[in-house]
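Quick note on our numbering: the sequence shown kicks off at 976 and runs consecutively. Notes for the one structure printed next.
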Amino acid sequence: DLPSDYHRGVPGAEPYPLWVRPDEKLTLADVFGLMRDHYEGTEYDLTTGVAAGPFGSPNRARPIAWTIDSLDYSWERPISTPQTGFSFVSESRGWLPNEVGGILWYGVDDTWFTCYTPLYCSIERAPRPFATGSLDRFSWDSAWWVFNFVSNWSQLRYADMSPEVEAVRGELEGDFLAVRPAIEKTALDLLRDDPALARRFLTEHSAAGAERVTARWRELAEHLVTKYNHGYVQREAGKPEEMGYPDAWLREVIRAEGDGVRLRPEDRDAPSWKLVD
């Protein structure tokens, strides 16, 4: 509920306090949501306005600031940005043994389009999908490239594809949170008798989670590129459907183009007139 005046550089605005007490305790899911924020629901919402394009994308191409006709401008810089290489939410629980108490919830690429996967701090090696790949060559074996593909493809129709990504993401993260008590109980039992075995168990669990997420994201990529293709949407019945553009964006086009895009009644009635898709 803090005012935005100080952030906006309003003269005389009160500086923000060093610490802010939240209205209620934050869950892991709450923090994941903060990492994915584009100022949705505020006056700076990047999913609205002409700059968001016809399908409400919050992402803006760099540079973030530019000059036109000797005047300086800039986009808002949200928490979530497509230029992200990787991100994590660090969970530290001092009441548990170190091997179990520390978790990095790790994700690659754009934070909105990533899925946070638990990596325990005692694991002996990085999961293969997170340790594979190069910026110079696309690979379906690399988690970063798989997530990068989905986030890039989703920009074609952000408003339509992002809910589908959100559903898959929520399912996976929900499963990780649901099984965590059982996983950690097993790890604690092993830790008392065989610490090395406990570390191996957590390493294998973390690796399995990364493999599952990457495989599911490959399936998601194939689904999205099949369903949303060249401006059509493939419905369950199998017939491509024309989706077009939202009316609000078309009105912006009309304001910019005027009669250049208008069909005159006399043209429609002419014998030679024919629109070809």
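Even for Gly, the Cβ is constructed at its ideal location relative to N, Cα and C.
Check whether residue i and residue j have beta carbons under 9 Å apart
| i | j | result |
| --- | --- | --- |
| Asp1085 | Pro1102 | no |
| Trp1087 | Arg1193 | no |
| Glu1051 | Cys1090 | no |
| Trp1041 | Ser1032 | no |
| Pro1104 | Val1200 | no |
| Tyr1081 | Leu1177 | no |
| Val1083 | Asn1034 | no |
| Arg952 | Ile1054 | Given a span of 976 to 1252 for the chain in the structure shown, any question on residue 952 remains unanswerable. |
Euclidean distance between Cα positions of residue i and residue j
| i | j | result |
| --- | --- | --- |
| His1205 | Ile1158 | 44 Å |
| Val1022 | Tyr981 | The sequence shown places Thr at residue 1022, rather than the Val named in the question. Looking at the two C-alpha atoms, the distance is approximately 23 Å. |
| Gly987 | Ser979 | 12 Å |
| Ser1109 | Gly1233 | 47 Å |
| Leu1195 | Arg1155 | 24 Å |
| Pro1038 | Tyr1203 | 29 Å |
| Trp1119 | Ala1004 | 22 Å |
| Tyr1273 | Gly1213 | Nothing in the structure corresponds to residue 1273, since the chain is present only between 976 and 1252. |
| Glu1146 | Ser1045 | 49 Å |
| Ala1106 | Ala1185 | 11 Å |
DSSP state of residue i mapped onto helix, strand, coil
| i | result |
| --- | --- |
| Phe1054 | According to the sequence shown, residue 1054 is Ile rather than Phe. Note: Ile1054 maps to coil in three-state DSSP. |
| Tyr1014 | coil |
| Arg1035 | coil |
| Asp1116 | coil |
| Ser1065 | strand |
| Pro978 | coil |
| Glu1197 | helix |
| Thr1092 | strand |
| Val1208 | strand |
Rounded distance between the beta-carbons of residue j and residue i, thought under 8 Å
| i | j | result |
| --- | --- | --- |
| Val1064 | Leu1163 | About 22 Å; that fails the 8 Å criterion. |
| Leu977 | Val995 | 7 Å |
| Ser1097 | Arg1174 | 5 Å |
| Thr1059 | Phe1151 | About 20 Å; that fails the 8 Å criterion. |
Proximity test, residue i beta-carbon vs the ligand SAM heavy atom, cut-off 8 Å
| i | result |
| --- | --- |
| Glu1227 | The ligand SAM is not part of the structure shown, which contains no ligands of any sort. |
Candidates the options: closest to residue i by CA position
| i | options | result |
| --- | --- | --- |
| Arg1144 | Ser1126, Trp1070 and Leu1131 | Ser1126 |
| Ser1137 | Phe1030, Thr1002, Pro997 and Leu1009 | Phe1030 |
| Gly1008 | Pro1072, Glu1141 and Ala1231 | Glu1141 |
| Pro1221 | Thr1017, Val1025 and Leu1238 | Val1025 |
Interface flag, residue i vs chain C, CB-CB below 9 Å
| i | result |
| --- | --- |
| Pro1057 | The chain inventory of the structure shown lacks chain C, comprising one protein chain alone. |
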